[in-house]
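What follows is a short report on a single structure.
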Amino acid sequence: MATSIPRRQFIQHAATMAAATASVTTTGRLFAEDSKPYDDMLVIDALSFGRDWGEEVFSALRAANYSGIIESLPRKDLQTAIDALVEWQTRIEEHDDHLTLALRADDFLQAKNSGRTAVLMNFQDSTMLEGELSNIDALHALGMRAFQLTYNFRNLVGDGCLERTNAGLSDFGVEVVGRMNELGVLIDLSHCGRQTTLDGIAFSERPVAITHTMCDAVRPGHPRAKTDEQIRRCAEKGGVIGMIALGYFIGPDPGGDTSIEHYADHIEHAVNLAGIEHVGISTDFPPQGISPWATYDSWFVPRTEFFKESYQLRWPPWIPELDSTDRYRNLMRVLERRGWKTAAIERLYGQNWLRLFRDTLG
Ligand SMILES: [Zn+2]
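So for the sequence shown, the numbering used here puts the first residue at 51; every next one is plus one.
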C-alpha cells in the first residue's frame with residue numbers, strides 16, 4: 051500500500067520527481083536539436099591565415115573553435131610555393147598537438163575529434179605554376195589541395211577581378227581546371243574576374259568553391275562581390291560560396307554603420323539564391339582578428355599601394371563583433387534571432403565545406 055511510505059518520504063520523493071521532470075523539460079528546451087552549443091559544431095573558416103604562427107594563434111584557433119581553416123600560402127613563383135609547402139609540413143609536424151594537415155575531408159573530422167585544427171594548403175593565385183601543367187602534380191604531391199585560378203590581376207589562366215578587361219579562361223586555364231579535377235585539387239574562384247568565374251564553374255567537372263566573397267546585390271559595385279548569376283551557377287554545380295567577414299567588403303562603413311547584421315544580410319541573400327547547402331563562412335583575416343595588431347600605418351597605408359581604388363579600402367577594416375574569437379558565436383545569436391535553426395547554422399559553419407571537400411579532395 052502507498053501508505054507504507056511515510057508521508058515525509060513521499061513528499062520528498064514527489065519533489066525529486068517533479069525536479070527531475072522540470073530538468074528534463076528545461077534540458078529539452080535548451081539542448082533539443084534547435085540549439086546545439088556552438089562549441090559542439092564543426093566550424094571551418096574557408097580563408098584564414100595566422101599572423102606570426104605561434105601560441106597566440108593556436109589559442110585563438112581554440113577560442114574560436116576552428117576545426118579547419120583554408121590557409122593562404124606565398125605563391126610568387128614555383129620555388130616560393132615549394133618552400134612554403136615544405137615549411138608548412140614542418141610547422142604542422144612540430145605543432146601536431148594543435149594542427150593537422152588536411153589532405154581529405156575526413157581530416158577535418160579527425161581534427162574536430164582531437165581538438166585540433168586541420169590546415170588545407172592553398173594558394174590565392176596560379177602564378178606558381180609558371181605555365182606548366184605538371185607543376186600542379188608536383189605541388190599536389192607536397193600537400194597542396196586548393197588554389198585560385200587567378201588573383202586580382204591577369205595571369206596565364208585568366209583575368210582577375212581588378213582587370214579592366216573581362217576575358218574568361220585561356221586554353222591553358224581550361225587545361226588547368228581539367229588537371230585539378232583529375233588530381234582532386236579544389237578550384238577557388240574568389241578573386242577571379244566575372245567571366246573567369248563563370249568559365250571556371252562551367253569547365254569544371256567537379257563542384258568548385260568561391261571561398262571568400264560577398265553578394266553584389268547587398269554590396270553593389272565592389273569588384274570582389276559575386277553577382278546573383280555567379281552565386282546561382284556555383285550552387286547549381288554543387289559548389290559552396292563562402293561569405294567573407296572582412297568589414298569593408300561587407301559594407302562601406304565597417305567602424306560605424308556597417309555591422310554584423312549586414313554580414314547576416316549577405317549570408318541570407320546567398321542562401322536565398324543558392325540554398326542552405328551551398329553557403330559557408332570565411333573571414334579573410336587571422337583567427338585572433340585584425341584589431342589586436344593592425345595600425346593605420348601597418349595595415350592601411352601599404353594596402354593603398356597594392357589595391358586599386360575600386361577595392362574601396364577603409365580604415366578601420368573590421369567590424370568589432372566579427373573581429374574577436376567570439377565572431378561566430380555572435381553571428382549565431384544574430385541568425386537565431388532571425389529564425390535560423392541549428393541544423394542550418396551547422397551547415398553554414400562547416401558541414402557544407404565538409405561535403406564539398408568530400409566531393410573534390412575525396
Ligand atoms: Zn583573398
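For glycine and all other residues, C-beta sits at the position ideal for the given N, C-alpha and C.
Contact annotation, residue 323 with residue 281: C-beta distance approximately 5 Å; criterion of less than 8 Å satisfied.
In this structure, DSSP gives residue 362 a state outside helix and strand, which the three-state scheme calls coil. Remark: the C-beta of residue 175 is outside contact range of ligand 1, defined as less than 7 Å to any heavy atom. By the Cβ test, the region 114-123 is in contact with the region 164-176, since at least three Cβ pairs between them sit closer than 8 Å. Within the chosen limit of 7 Å, ligand 1 reaches the beta carbon of residue 97 through at least one heavy atom. Rounded to the nearest whole angstrom, the CA to CA distance from residue 186 to residue 229 is 8 Å. Comparing C-alpha distances from residue 116 to each of 100, 128, 126 shows the shortest one belongs to 100. Residue 263 and residue 291 have their C-alpha atoms spaced approximately 7 Å apart. Shortest Cα-Cα distance from residue 387 to any of 346, 327, 315, 397 involves 315. Bounds of the beta strand (DSSP E) holding residue 121 are 118-123.
Fewer than three beta-carbon pairs drawn from the region 124-132 and the region 355-369 are found closer than 8 Å, and the two stretches are therefore not classed as touching.
Taking the Cβ atoms as the reference, residue 158 lies roughly 6 Å from residue 404, within the contact range of under 8 Å.
In the structure shown, residue 380 falls within a helical segment according to DSSP collapsed to helix, strand and coil. According to the DSSP assignment, residue 265 belongs to the beta strand (DSSP E) that extends over 259-265. Taking C-beta atoms as the reference points, residue 194 and residue 173 count as a pair closer than 8 Å. Distances between the C-beta of residue 272 and the heavy atoms of ligand 1 are all 7 Å or more. Sorting 313, 259, 336 by C-alpha distance to the C-alpha of residue 408 places 259 at the top. Relative to the non-hydrogen atoms of ligand 1, the Cβ of residue 341 never comes closer than 7 Å to any of them.
Residue 296 is positioned such that its CB atom lies closer than 8 Å to that of residue 335. In the DSSP assignment, the residues bridged to residue 210 are 242.
Per DSSP, residue 401 lies in no alpha helix (DSSP H) and is assigned neither H nor E. Rounded to the nearest angstrom, the gap between the Cα atoms of residue 134 and residue 199 is 19 Å. Judged by DSSP secondary structure, residue 192 falls outside any beta strand (DSSP E); it is assigned neither H nor E. Excluding residues up to 5 positions away in sequence, 285 lie with their Cβ nearer than 7 Å to the Cβ of residue 325 in the same chain. Between the region 174-181 and the region 149-165 there are fewer than three inter-stretch CB-CB distances shorter than 8 Å, so the stretches are not counted as touching.
Contact between the region 86-96 and the region 373-383 is present: three or more C-beta pairs spanning the two stretches fall below 8 Å.
Here residue 298 has 304, 362, 363, 364, 367 as same chain residues with Cβ atoms under 7 Å from its own Cβ, once five neighbours each way along the sequence are excluded. Here residue 234 is near residue 411, since their CB atoms are less than 8 Å apart. Contact annotation: residue 402 and residue 327 have beta-carbon atoms nearer than 8 Å. For residue 150, the enclosing beta strand (DSSP E) begins and ends at 149-151. Per DSSP, reduced to three states, the secondary structure at residue 250 is helical. Restricted to the region 306-348, the beta strand (DSSP E) segments that are unbroken, complete and at least 3 residues in length are 329-332, listed in chain order.
Between residue 313 and residue 395, the beta carbon gap of about 14 Å keeps them out of contact (Cβ cut-off 8 Å).
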